[in-house]
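Worksheet: one structure, shown below.
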Amino acid sequence: MQFIARMSSLGVALILCFATLIYLSSGIIITYLIDARYQQAIIYIPGLLLFCIIKQIAELFNLGCYIKQKTWSVLYIDFTTAIVALTGCYILSGYYQVFGVIWGLVIAQIFRAVAFYVVSQKVLAFHYMWRQLLWLALACIGLVTFITLTVSIYLQVLIVFFSLFVFGYFFYINGFIGENKKLSYIIAAVRLKLKV
Numbered sequence: 001m002q003f004i005a006r007m008s009s010l011g012v013a014l015i016l017c018f019a020t021l022i023y024l025s026s027g028i029i030i031t032y033l034i035d036a037r038y039q040q041a042i043i044y045i046p047g048l049l050l051f052c053i054i055k056q057i058a059e060l061f062n063l064g065c066y067i068k069q070k071t072w073s074v075l076y077i078d079f080t081t082a083i084v085a086l087t088g089c090y091i092l093s094g095y096y097q098v099f100g101v102i103w104g105l106v107i108a109q110i111f112r113a114v115a116f117y118v119v120s121q122k123v124l125a126f127h128y129m130w131r132q133l134l135w136l137a138l139a140c141i142g143l144v145t146f147i148t149l150t151v152s153i154y155l156q157v158l159i160v161f162f163s164l165f166v167f168g169y170f171f172y173i174n175g176f177i178g179e180n181k182k183l184s185y186i187i188a189a190v191r192l193k194l195k196v
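Position one of the sequence shown corresponds to residue 1 (the numbering used here), numbered consecutively onward.
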């Protein structure tokens with residue numbers, strides 16, 4: 001059980017790191033590599049990344065919903081989430097256009113993640129690495145906040161490389177990388193995923 005919770009926590013950590021790296025590098029990539037007509041799309045990236053993060057967290061924290069091959073709770077949660085998403089998008093798009101649609105989807109995914117977590121924990125209590133994930137989330141928020149205040153392209157690139165160091169350090173101190181024994185956790189998780 002602890003192995004499953006650890007691998008789910010690893011998945012959350014990876015999605016936080018990848019989303020942060022995408023955000024940190026998206027400004028550089030869109031500004032310097034994409035046609036000027038499409039550069040206004042950069043304003044939608046934070047909301048879309050937040051949507052992706054929450055959606056993936058919901059997928060990683062729903063393990064208890066599949067115990068004993070009874071998936072009715074998944075159906076109910078997904079159906080209710082669809083209603084929340086449609087309602088939220090309809091109401092918020094009238095006031096905020098595209099941002100309203102994005103935030104309607106984010107609200108629906110928050111509902112979905114909380115519902116999956118609560119139902120899953122009632123069936124089978126997993127002990128996730130909450131403290132470590134909170135520290136990582138705070139580091140990600142700090143990096144994202146700092147890069148939005150940065151104008152210099154060189155400093156932005158430096159922040160991207162610094163974030164790689166921070167993420168590598170996080171994975172090392174939490175035992176996800178380093179020793180071969182600890183690396184075997186990741187390999188075992190990949191094999192487990194391929195069998196399913």
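By construction, the Cβ of each residue, glycine as well, lies at the ideal position given by its N, Cα and C atoms.
* Whole-angstrom distance between V106 and G47, CA atom to CA atom -> 8 Å
* Asked: Quick one, are the C-beta atoms of I24 and I159 less than 8 Å apart?
  -> First, the amino acid is wrong: residue 24 is Leu here, not Ile. A contact, by the Cβ cut-off of 8 Å.
* Asked: Do you know offhand how far V144's Cα is from V98's?
  -> 22 Å
* **Member of Y32, T148, F61 whose CA lies at the smallest distance from the CA of I43** => T148
* Minimum length 4: unbroken alpha helix (DSSP H) runs contained in the region 72 to 103 -> none
* Taking just the CA atoms, how far does Y154 sit from L33? -> 16 Å
* What is the DSSP secondary structure of T31, counted as helix, strand or coil? -> helix
* Asked: What's the C-alpha gap between Q132 and I173?
  -> 10 Å
* Asked: So which of A5, F51, T20 has the shortest CA-CA distance to F161?
  -> T20
* Asked: Among V118, I15, G88, M1, which has the Cα closest to the Cα of N62?
  -> V118
* Where G175 sits in the DSSP three-state scheme -> coil
* Asked: Can you name the start and end residues of the alpha helix (DSSP H) that L138 belongs to?
  -> 130 to 148
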